[in-house]
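Here's the structure, in structure tokens; my notes come after.
Protein chains in written order, with our numbering: chain A, 58 to 421; chain B, 58 to 421.
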């Protein structure tokens, strides 16, 4: 094989050079979606993707003392920024083009999160599409949607990310789902000796058995470990993900794993859906509060397909039971008698996850 | 078959009678171990097994204003009473005959719980055996161990329970492990049409594949559901337990599942043990605190055998991931890439359970 090399250009200006390699890791991450609308380049509009962008937003809040913040996008970044800015006593509006925030949840569960946002005083504008920004003297003055103009002296964009793979594509490395780099389960690209990991790569979804793109630190870390072991001459595999994610808005916890209803429908799989309300602790124990658990399972077989949780403190981490059950391919019937921990400070005598499984079993 | 019947005697005096039955459920529960030592019948000594016994202890604390409480036994009841009495500002001593409290944990993990007890001001006396009570005027004055005499005006006995099966044994229903009623996976005893559920029955341990006795509300509830469905003409099974349990002492959470080291050794299985320390949240997130996770796995195969967790708030419920993995028969290698939820308020980017699994994989 001819000597392979990669062209290196320092971030701070300097002479570029060609660096020879035997093994190459592409870890170029993701870049935030920026909207191609009028005024998008104005001062006062922030994306959030790096530590530096977080520092800049905090500096703006500290020094410019904005009063009216508008967040565009109701995903994790949007939710977390809504919490942070409300805690700084800003007037916060959030614009989301879908019928509910957190579009990785089903609409009924997303509605609980919308309710939580309103509960902390966020003005929520659902089913509104960003059309542009009003700008004066180079600074943003308002966010313009298809329905209204929202005054703003601080704008946060939380429109999601896409894999940063222009470099890989230019080098001829094949891409897959949503332009992410295609890799095998050892994190090797279609080019031998060229590896990739993190937010720039495609993952495999262990429930849908399809390629899947997800940009999360927990996944990126696991992929990096596997790529590193293999590049170092060892053997490790990353079988894939089940789509677990978790967030919070003040005291309300939100978690999801597996497939949501619209994904299941797209796969043409017939399913049942069980949604139950319970408590995070024994009802008489101090601090007990509401938790809603939704479980999706295949009709007939009862195979677990996904789950979603919204509730008070102690709710969200229960999603890990469902994530583990998805990895293991359990059915809701298998789950009925899971020996989950019980003591009054931690759970009702039937853990809410088991109550949801019981309900699902009746429908399967 | 001849008409079957059961003799009924009201708790409050009355005429006994014979009640005919087609199906019979024995749900006689468990009774606390009471020590056969001098003075055990004195006033001021309380076992804890029913709501009524809890009410009596509270009444004693409220009305008799005891100052020096001694708890005998360092299991769940002992720990929870130590917390409750410390919160009522009593001087609390705890006597345990084993080298650490919580003997269902390995000694190294139990030591963390002992440390937590001392941290809340409990005087802890390990490796001391109860020999009797000093009594004056019919009231307890001191707890006597093989090493000392501890002044006490309130004594709590937390010596564990045994299945309450005298009635079943008298009726000729076969007993198993520790005198608990033997049942099949539908909760039927060896006598057709006679069922049993709850703290009076033997369970099957899904990890050791041996009969096992456990008295916990979560298990009893699942068994009751299964017995009820079957008695009603349906079909349900209770495959068994993996030995999950959870408790807390003030701010320290304690959880365990599967087999502990001494049980694994008794089975003659070669195993590895991985114990790691991590944080309950991202290290920079407010409220992050220490969590210790121990994982036990079979040498060679890597099959998960058990796990134990001690840590601050948010630590204990993570045991449910290990319980689910035990049900599914996962290996620590399977667990490495579990897609557990991550966001800074909930977990480091590698969940502590995964860090422990990573450590175990290296040793397998």
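C-beta: ideal position from N, C-alpha, C; glycine also.
Quantities reported herein were computed from a predicted structural model and do not represent experimental measurements.
Near residue 359/B, which residues of its chain fall below 6 Å by C-beta distance, leaving aside the five closest residues on each side in sequence? Residue 359/B sits at position 302 when you count from the first residue of the second chain. These residues qualify, in order along the chain: 388, 389, 390 and 421.
Short-range partners of chain A found in the segment 402-414 of chain B, where Cβ spacing is below 7 Å: 402, 403, 406 and 407
Are the CB atoms of residue 231/B and residue 125/B nearer to each other than 8 Å? On the second chain, residue 231/B is found 174 positions in, with the first residue counted as 1. On the second chain, residue 125/B is found 68 positions in, with the first residue counted as 1. No, the pair does not count as a contact, with Cβ atoms beyond the cut-off.
Contact belief for residue 321/A with residue 416/A at Cβ below 8 Å, rounded distance in angstroms: The residue given as residue 321/A occupies position 264 in the first chain. The residue given as residue 416/A occupies position 359 in the first chain. Contact flag wrong, Cβ pair sits at about 17 Å.
Applying the criterion that 16 or more other CB atoms from any shown protein chain within 10 Å of the CB defines a buried residue, is residue 52/B buried or exposed? Outside the shown range of chain B (58 to 421) lies residue 52/B, about which nothing can therefore be said.
Should residue 341/B be flagged as near chain A, meaning a C-beta pair shorter than 8 Å? As a first step, residue 341/B is located in the second chain; it is residue number 284 there, counting from the start. It does not: the Cβ of residue 341/B has no partner Cβ on chain A nearer than 8 Å.
Own chain partners of residue 224/B with C-beta closer than 8 Å, once the 5 adjacent residues on each side are dropped: For the purposes of this step, residue 224/B is taken as residue 167 along the second chain, with counting starting at 1. Taken in chain order, the residues that qualify are 83 and 85.
If you reduce the DSSP assignment to three classes, tell me which class residue 418/A lands in. For this step, residue 418/A is matched to residue 361 along the first chain. In this structure, residue 418/A counts as helix in the three-state DSSP scheme.
Report buried or exposed for residue 439/A, applying the criterion of at least 16 other Cβ atoms within 10 angstroms of its Cβ. Residue 439/A is absent from the model: chain A starts at 58 and stops at 421.
What is the DSSP secondary structure of residue 340/A, counted as helix, strand or coil? Mapped onto the first chain, residue 340/A falls at position 283. Reduced to three states, the DSSP call for residue 340/A is coil.
Assuming residue 251/B is part of the beta strand (DSSP E), what are its boundary residues? Translated into the one-based positions of the second chain, residue 251/B becomes position 194. It spans 251-253 - the beta strand (DSSP E) in which residue 251/B sits, taken as one unbroken run.
Using 10 angstroms around the beta-carbon of residue 123/B, count the other beta-carbons present and answer buried if the total reaches 16, otherwise exposed. One-based indexing of the second chain puts residue 123/B at position 66. Buried.
Can you confirm whether residue 19/B, when its beta carbon is compared against all beta carbons of chain A, has any partner nearer than 8 Å? With chain B running from 58 to 421 in the structure shown, residue 19/B is simply not present.
So residue 313/A and residue 162/A are in contact, right, with Cβ under 8 Å, and what is the actual spacing, rounded? Stepping through the first chain from its first residue, residue 313/A is reached at position 256. Stepping through the first chain from its first residue, residue 162/A is reached at position 105. Indeed, because the Cβ distance is near 6 Å, the residues count as touching under 8 Å.
Could you name the residues of chain B that residue 376/A contacts, counting a contact when the two beta carbons are closer than 8 Å? Counted from its first residue, the first chain places residue 376/A at position 319. Those within 8 Å of residue 376/A in chain B are 398.
What distance in whole Å lies between the Cβ atoms of residue 350/A and residue 409/A, which are believed to be in contact at a cut-off of 8 Å? Taking the first chain and counting its residues from 1, the one referred to as residue 409/A is at position 352. Taking the first chain and counting its residues from 1, the one referred to as residue 350/A is at position 293. So it is a contact: roughly 5 Å between Cβ atoms.
So if I threshold CB-CB distances at 9 Å, which residues from the segment 283-300 of chain B count as touching chain A? 283, 293, 294, 295, 296, 297, 298, 299 and 300
Would you verify that the beta carbon of residue 135/A is, or is not, closer than 8 Å to some beta carbon of chain B? Here residue 135/A refers to the residue found at position 78 when the first chain is read from its first residue. No, residue 135/A does not count as interfacial toward chain B.
Would you mind reading off the limits of the beta strand (DSSP E) that contains residue 103/A? Residue mapping note: residue 103/A aligns to position 46 of the first chain, counting from 1. Residue 103/A -> beta strand (DSSP E) spans 102-104.
Residue environment, residue 374/B, which counts as buried when at least 16 other CB atoms sit within 10 Å: Within the second chain, the letter at position 317 stands for residue 374/B. By the 10 Å Cβ count, residue 374/B comes out buried.
So for residue 68/B, helix, strand or coil by DSSP? Translated into positions along the second chain, residue 68/B becomes position 11. In this structure, residue 68/B counts as coil in the three-state DSSP scheme.
Give the single residue among 344/B, 365/B and 345/B whose Cα lies nearest to the Cα of residue 354/B. Taking the second chain and counting its residues from 1, one reaches residue 354/B at position 297. The shortest Cα separation from residue 354/B among 344/B, 365/B and 345/B belongs to 365/B.
With DSSP run on the structure shown, which of helix, strand or coil describes residue 292/B? Numbered from its first residue, the second chain carries residue 292/B at position 235. It is coil, neither helix nor strand.
Measure the Cβ-Cβ separation of residue 280/B and residue 264/B and say whether it is below 8 Å. Working through the second chain from its first residue, we reach residue 280/B at position 223. Working through the second chain from its first residue, we reach residue 264/B at position 207. Going by C-beta atoms, residue 280/B is not nearer than 8 Å to residue 264/B.
In this structure, does DSSP put residue 165/A in helix, strand or coil? Position 108 of the first chain, counted from the start, is the residue given in the question as residue 165/A. Note: residue 165/A maps to helix in three-state DSSP.
Whose C-alpha, out of 377/A, 398/A and 245/A, is nearest the C-alpha of residue 302/B? The residue given as residue 302/B occupies position 245 in the second chain. Answer by Cα proximity: 398/A.
Would you please state the rounded distance, in angstroms, between the beta carbons of residue 339/A and residue 345/A? I believe it to be under 8 Å. Translated into positions along the first chain, residue 339/A becomes position 282. Translated into positions along the first chain, residue 345/A becomes position 288. With a Cβ gap of about 6 Å, residue 339/A and residue 345/A count as contacting.
Would you say residue 273/A reaches chain B, if we count a Cβ-Cβ gap shorter than 8 Å as a contact? To locate residue 273/A, count along the first chain from 1; it is residue 216. Output row for residue 273/A: interface = yes.
Let me know if residue 256/B comes out buried or exposed under the rule of 16 or more other beta-carbons within 10 Å of its beta-carbon. Locating residue 256/B in the second chain gives position 199, counting from the first residue. Its Cβ being crowded by 16 or more others within 10 Å, residue 256/B is buried.
At a CB-CB cut-off below 7 Å, which residues of chain A make contact with residue 304/B? Along the second chain, read from residue 1 onward, the residue named residue 304/B stands at position 247. Near residue 304/B (Cβ distances below 7 Å), the residues of chain A are 400.
For the segment 203-230 of chain A, enumerate the residues whose C-beta is nearer than 9 Å to any C-beta of chain B, in chain order. none
Taking all protein chains shown into account, do 16 or more other C-beta atoms lie within 10 angstroms of the C-beta of residue 323/A, making it buried, or fewer, making it exposed? Translated into the one-based positions of the first chain, residue 323/A becomes position 266. Burial call: exposed.
Does chain B have any CB closer than 8 Å to the CB of residue 381/A? The count along the first chain starts at 1 and reaches residue 381/A at position 324. Judged by the 8 Å Cβ criterion, residue 381/A is in contact with chain B.
Could you have a look at residue 122/B and say whether DSSP puts it in helix, strand or coil? On the second chain, residue 122/B is found 65 positions in, with the first residue counted as 1. Three-state result, residue 122/B: coil.
Three-way DSSP call (helix, strand, coil) for residue 305/A in this model: Along the first chain, one-based indexing puts residue 305/A at 248. Residue state, collapsed to three classes: strand.
In chain B, which residues lie less than 9 Å from residue 387/A when you measure between Cβ atoms? The sequence position of residue 387/A within the first chain is 330, counting from 1. Residues of chain B passing the Cβ test: 381, 384 and 385.
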